[in-house]
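Enquirer:
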Ligand SMILES: [Zn+2]
Ligand SMILES: [Zn+2]
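Numbering (the numbering used here), first residue to last: 36 to 317.
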């Protein structure tokens, strides 16, 4: 199983020269299964880089499933530009929990619709399928090919969702948990995420929203994001092998990101700051 980071920025995008080493595109993660499955977690502007990885897909393999953590724009803004949507022969599944009484079909059909976007989603050429996810999947996983998908709710304004992907053939597992505020999560919410990280076995990789540092966090309490130290503590407690901190703030230029990377790596040698374009083989 591989993970490709299409975009790791939170809240919006940056295109300035001093943001490009870590990348300025917003959240989008591609999970590639050994037997050809492609899951895309969130559709921020990093979807453009993900789309480039899909460019050589053979006609018989043209299917992809989007899992949306929530509907905030930094996790959606790439979707209208996703060319496979407008290409006959592609099958595109869109899956999410219900937020503010809106299903993923309600949300995508109103977002990709005039006056916000010229071409209505229902007129796009790809075959679309929509899937409503229950609030949690503690009872069992859903299967996408050889990949098992589990999830749990996260503490975030309006709610968000963490996803865990297990690959049967390799026994590898990863968890993507963005956006969440650990410091404001109830004990029950913390237990859900810890359980997702631990069961059925500790995941190999955790991607965690650590936009802030403990020093300075109080100013942003209630904004919906965690500190990188929360990510290190959770990963170590849950027996996770490797940690990537994502949802990089819009004010974190490459020099500040280098500094954050140094602090992270000093705190735990298995922790790194996420970087756009990174490809990890688990
Ligand atoms: Zn976000
Ligand atoms: Zn959000």
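Backbone N, C-alpha and C define an ideal beta-carbon position, used for all residues, glycine too.
1) For ligand 1, is there any heavy atom lying closer than 6 Å to the beta carbon of residue 59?
2) Going by other Cβ atoms of all chains shown within 10 Å of its Cβ, with 16 needed for buried, is residue 167 buried or exposed?
3) Residue 244 bridges to which residues according to DSSP?
4) Would you mind sorting residue 207 into buried or exposed? The rule is 16 or more other CB atoms within 10 Å of its CB.
5) Going by DSSP, name the residue or residues bridged to residue 306.
6) Are there three or more Cβ pairs, one per stretch, closer than 8 Å when the region 87-106 is compared with the region 45-58?
7) Compute the beta-carbon to beta-carbon distance between residue 326 and residue 165, rounded to the nearest angstrom, for a pair I have assumed lies under 8 Å.
8) Tell me, please, whether the CB atom of residue 36 is closer than 7 Å to any CB atom in chain C?
9) Please tell me whether, using a cut-off of 6 Å, the distance from the CB of residue 194 to the nearest non-hydrogen atom of ligand 1 is below it.
10) Determine the direct distance from the alpha carbon of residue 123 to that of residue 268, and round the result to whole angstroms.
11) On a Cα-Cα basis, can you pick out the residue from 66, 209, 143 that is closest to residue 157?
12) Assign residue 232 to buried or exposed, taking buried as 16 or more other Cβ atoms, counted over all protein chains shown, within 10 Å of its Cβ.
13) Using only alpha-carbon positions, find the residue among 104, 66, 308 that is nearest to residue 291.
14) If distances are taken between C-alpha atoms only, which option among 236, 238, 265, 241 comes closest to residue 250?
Expert: The structure says:
1) Looking up residue 59 in the chain shown gives position 24. Not so, every heavy atom of ligand 1 lies at least 6 Å from the Cβ.
2) For the purposes of this step, residue 167 is taken as residue 132 along the chain shown, with counting starting at 1. Classification for residue 167: exposed.
3) The residue you call residue 244 lines up with position 209 of the chain shown. Paired residue(s): 281.
4) For this step, residue 207 is matched to residue 172 along the chain shown. Looking at its Cβ environment, which holds 16 or more other Cβ atoms inside 10 Å, residue 207 is buried.
5) The residue you call residue 306 lines up with position 271 of the chain shown. In DSSP, residue 306 forms a bridge with 278.
6) Two segments are said to touch when three or more pairs of C-beta atoms, one from each, lie closer than 8 Å; by this definition the region 87-106 does not touch the region 45-58.
7) No answer is possible for residue 326: the residues shown for the chain start at 36 and end at 317.
8) Within the model displayed, chain C is absent; a lone protein chain is all it includes.
9) To locate residue 194, count along the chain shown from 1; it is residue 159. No, since every heavy atom of ligand 1 falls outside the 6 Å radius drawn around the Cβ of residue 194.
10) Locating residue 268 in the chain shown gives position 233, counting from the first residue. Locating residue 123 in the chain shown gives position 88, counting from the first residue. Distance between the alpha carbons of residue 268 and residue 123 is about 46 Å.
11) Here residue 157 corresponds to residue number 122 of the chain shown, with the count starting at 1. Minimum Cα distance to residue 157 is reached at 143.
12) Taking the chain shown and counting its residues from 1, the one referred to as residue 232 is at position 197. Buried: at least 16 other Cβ atoms inside 10 Å.
13) Working through the chain shown from its first residue, we reach residue 291 at position 256. Residue 308 is the option with its Cα nearest to residue 291.
14) Looking up residue 250 in the chain shown gives position 215. Answer by Cα proximity: 265.
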